[in-house]
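Residue numbering for the sequence shown is 100 to 329, as defined by my numbering. Glycine included, every Cβ here is placed at the ideal spot set by N, Cα and C. What follows is a single structure, written as structure tokens, with notes after it.
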Amino acid sequence: MVKISALISLVFVVLSFVAATIAFSSYWYYMKIETTSNGITTTTTTYLKYNQAKLILNMDGNEQSIVQDYTSDVKNSMKHQLEIFNASLAFDILGWITLIIGAILISLQIVGKLSVIPIPKIYLISKCALIISTILLMISMFVFCGLSNARKNDCKNQMFSSMNNDDEIDACDSTYFKSFIGDVDISGQSMKWGPHLSFVSVVIASGLSLIASIITIVCGVFINEETSGK
């Protein structure tokens, strides 16, 4: 029964690992602007991640895409946002590494070799591995939810550095700078923004890791059979 539970837990860990891998290799956020003029619809979609942006321009069905690393000027203008991107990425990678450790420990337990590891309290450490991975992935997820506030701070910094007036600074309090997810329609122009594949993957990875943690604890996956049998 314990081995079956361990196998089930291992499956969830592997799935969480895949989701966490997608998270640090894809884009975290998107902004989509759609305008219609003279019967021609133009859609501009920008995807953002920690080190680059991907721009897709679709004009009446004709699509072009550009991938570009952030220049120093862009990095300065997006300082607080990039801090959020990098922090979320860092916690995702730490969670990813911990998932690998968890998968190895579960595999060793399945084949009955965990006890041969010469580390004191290896069973206690094994129980904590998946809990730690879940915590790290959740931190990555919640940190990224602060992107809208970071975007607002970047906006105000640009306004202050340009010595703009209070009315222009007040523009930083618009819906776009307040909401993590949203859409607005202004004068025939539609704008949508929100999290993309990487953020969704972190959420999924967190949930899968949590399920794996619960299974290992509730079903007693990491039990020293030699000690418990005495």
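- Task: Report the option in Ala122, Glu133 and Phe116 whose CA atom is closest to the CA atom of Ser286.
- Result: Counting from one through the sequence shown, the residue named residue 286 turns up at place 187. Here the closest residue by C-alpha is Glu133.
- Task: For Met258, name the three-state secondary structure that DSSP assigns.
- Result: Taking the sequence shown and counting its residues from 1, one reaches residue 258 at position 159. Met258: helix per DSSP, three-state reduction.
- Reducing DSSP to helix, strand and coil, say where Trp127 ends up. As a first step, residue 127 is located in the sequence shown; it is residue number 28 there, counting from the start. If DSSP states are grouped into helix, strand and coil, Trp127 belongs with coil.
- Query: Would you say Ser187 and Ser125 are within 9 Å of each other, going by their C-beta atoms?
  - Reply: On the sequence shown, position 88 is the one that residue 187 refers to. On the sequence shown, position 26 is the one that residue 125 refers to. No, Cβ-Cβ distance for Ser187 and Ser125 is not below 9 Å.
- Message: I want to see whether chain D comes within less than 9 Å of Ser104, judged by CB atoms only; does it?
- Response: Among the chains of the structure shown, chain D does not appear; only one protein chain is present.
- Message: Which same chain residues end up closer than 8 Å to Ser104 when comparing Cβ atoms and leaving out the 5 residues on each side of it in sequence?
- Response: Taking the first residue of the sequence shown as 1, we reach residue 104 at position 5. Excluding residues within five positions, the ones whose Cβ falls inside 8 Å are Ile314, Thr315, Cys318, Gly319 and Val320.
- Rounded Cβ spacing between Leu96 and Leu223 (contact assumed at less than 8 Å): No statement about residue 96 is possible, as the shown extent of the chain runs from 100 to 329 and does not include it.
- Task: Check each candidate in Glu182, Met177, Lys153 and Met158 and name the one with the smallest Cα separation from Asp168.
- Result: Reading the sequence shown from its first residue, position 69 is the one you call residue 168. It is Lys153 whose Cα lies nearest to the Cα of Asp168.
- Compute the beta-carbon to beta-carbon distance between Cys271 and Met258, rounded to the nearest angstrom, for a pair I have assumed lies under 8 Å. One-based indexing of the sequence shown puts residue 271 at position 172. One-based indexing of the sequence shown puts residue 258 at position 159. Correct: roughly 6 Å between the Cβ atoms.
- Query: At which residues does the beta strand (DSSP E) containing Ser308 begin and terminate?
  - Reply: Here residue 308 refers to the residue found at position 209 of the sequence shown. Note, Ser308: premise wrong, no beta strand (DSSP E); alpha helix (DSSP H) at Leu296 to Val317.
- Message: Using C-beta distances below 8 Å, list every residue in its chain close to Glu182, excluding the 5 sequence neighbours before and after it, in chain order.
- Response: The residue labelled residue 182 in the question sits at position 83 within the sequence shown. Taken in chain order, the residues that qualify are Ala249.
- Taking the runs of the beta strand (DSSP E) that are 3 residues or longer, which of them lie wholly in the region 127–211? 128–136, 139–147, 151–158 and 161–168
- Residue burial classification, Gly201 (beta-carbon count within 10 angstroms, cutoff 16): Here the question's residue 201 lines up with position 102 in the sequence shown. It counts as buried.
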